[in-house]
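One structure is given below, encoded as structure tokens.
Residue numbers (our numbering): 288 to 608.
Here it is, written out as structure tokens:
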């Protein structure tokens, strides 16, 4: 991902479904296919209704989850979830550093700090080659993910949308495809049965929050107004790459050299970086929120847990003996 171009291009994301009413996408080729998408606004739930559940926030690069889903991660933890972070690539091709190894180390350290600020329980690194994940067998990625889903008993995932349109970064769409297939295979007793010899059981995510850089069938708007300050602070942790990081302090110094200042940047580096992250780096969240009467929001294609047709039929039709 070209991090410097993120802010200018990110407004295109979600343009396929930005209003709360149903949207229709027409197919071509002589016929037409329409999709009716009902958009739900998801707000903070009181108490901890998800106590005992686990989610995996999965990203190819260290700044993907904090940019696209950081507020939702914070909200889910507030509602009782435990969360783990899985980073797929070695993050060797983006950011500032003196060498390949230096960039990898800086991004890894940034990721660990970002995960801490989001309240995630653990950060796992799979270290596939950055920008070249499409040269790696998806079946291997799937196998590793299946193991992690079972070992951590993951119920929900947040990851790039495997059906997102116009995604040009192979790391993004390969990660999404590997996760999509691993979700259902991890629940199968026939896939990777060797896991069961060592105490694991079939278990995998059924609930999915898919985010995208470009157009997608968006059906879930998550209200992150209560979490935007902490999300902004988590994005500051990505100082090696990302649209936030230490850009606020750099901008403050650059303006001072010109005899100017932005009042929101304050008089110290921490204030500048937090303010830049919230008001400039993450301004897309503000725009998306305003489209739905919210202060800040994140967009997803949400897939709920599978509902058994048998269970639903029994619920509606069973009678007492």
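We put the beta carbon where it would ideally sit given N, CA and C, even for glycine.
At a Cβ-Cβ threshold of 9 angstroms, residue 491 and residue 412 do not count as neighbours. Taking a C-beta distance under 9 angstroms as the contact criterion, residue 340 and residue 510 do not qualify as a contact pair. Between residue 353 and residue 541, the C-beta spacing is not below 9 angstroms. Here the C-alpha atom of residue 536 lies approximately 11 angstroms from the C-alpha atom of residue 564. The beta carbon of residue 553 sits closer than 7 angstroms to the beta carbons of 559 and 562 from its chain, once the five residues preceding and following it are set aside; these are given in chain order. For residue 517, the enclosing alpha helix (DSSP H) stretches over residues 515-523. Residue range 369-376 is occupied by the beta strand (DSSP E) that includes residue 376. Here the stretch 592-602 makes no contact with the stretch 370-380; the two share fewer than three CB pairs at distances below 8 angstroms. Note on geometry: alpha-carbon atoms of residue 531 and residue 486 lie some 42 angstroms from one another.
Going by beta carbons, residue 587 and residue 500 fall outside the 9 angstroms limit.
With a cutoff of 9 angstroms on beta-carbon distance, residue 497 and residue 463 are scored as near each other.
Counting every other CB atom within 10 Å of its CB across the protein chains shown gives residue 518 a total of 16 or more, marking it as buried. As computed with DSSP, residue 443 is found in a beta bridge with 342 and 494. Residue 448 is not a Cβ neighbour of residue 494, given a cutoff of 9 angstroms. When the five nearest sequence neighbours on each side are left out, the beta carbons in the same chain lying within less than 6 angstroms of the beta carbon of residue 382 are those of 390, 394, 527 and 528, in order along the chain. In this structure, the straight-line span from the alpha carbon of residue 556 to that of residue 427 is close to 43 angstroms. When DSSP states are grouped into helix, strand and coil, residue 538 belongs to the helix group. Under the DSSP assignment, residue 585 falls in the beta strand (DSSP E) whose first and last residues are 584-590. Excluding five sequence positions before and after residue 583, the CB atoms of its chain that fall closer than 6 angstroms to its own CB belong to 511, 512, 515, 572, 573 and 576, given in chain order. Secondary structure in the stretch 535-576: the alpha helix (DSSP H) runs of 4 residues or longer, each lying completely within the stretch, are 556-563 in chain order.
Around the beta-carbon of residue 410, 16 or more other beta-carbon atoms lie within 10 Å, marking it buried.
For residue 406, the closest alpha carbon among the candidates 385, 367, 608 and 440 is that of 367. Taking all protein chains in view, the Cβ of residue 379 is crowded by 16 or more other Cβ atoms within 10 Å, so the residue is classified as buried.
Shown here for residue 539: same chain residues with a beta carbon closer than 6 angstroms to its own, the five before and five after excluded, namely 552 and 559 in chain order. Looking at the DSSP output, residue 510 bridges to 584.
Taking the CA atoms as reference points, residue 579 sits about 16 angstroms from residue 504. Looking from the CA of residue 377, the closest CA among 483, 458 and 467 belongs to 458. Listed in chain order, the non-local C-beta contacts of residue 534 below 6 angstroms within the same chain comprise 563, local neighbours out to five positions each way being set aside.
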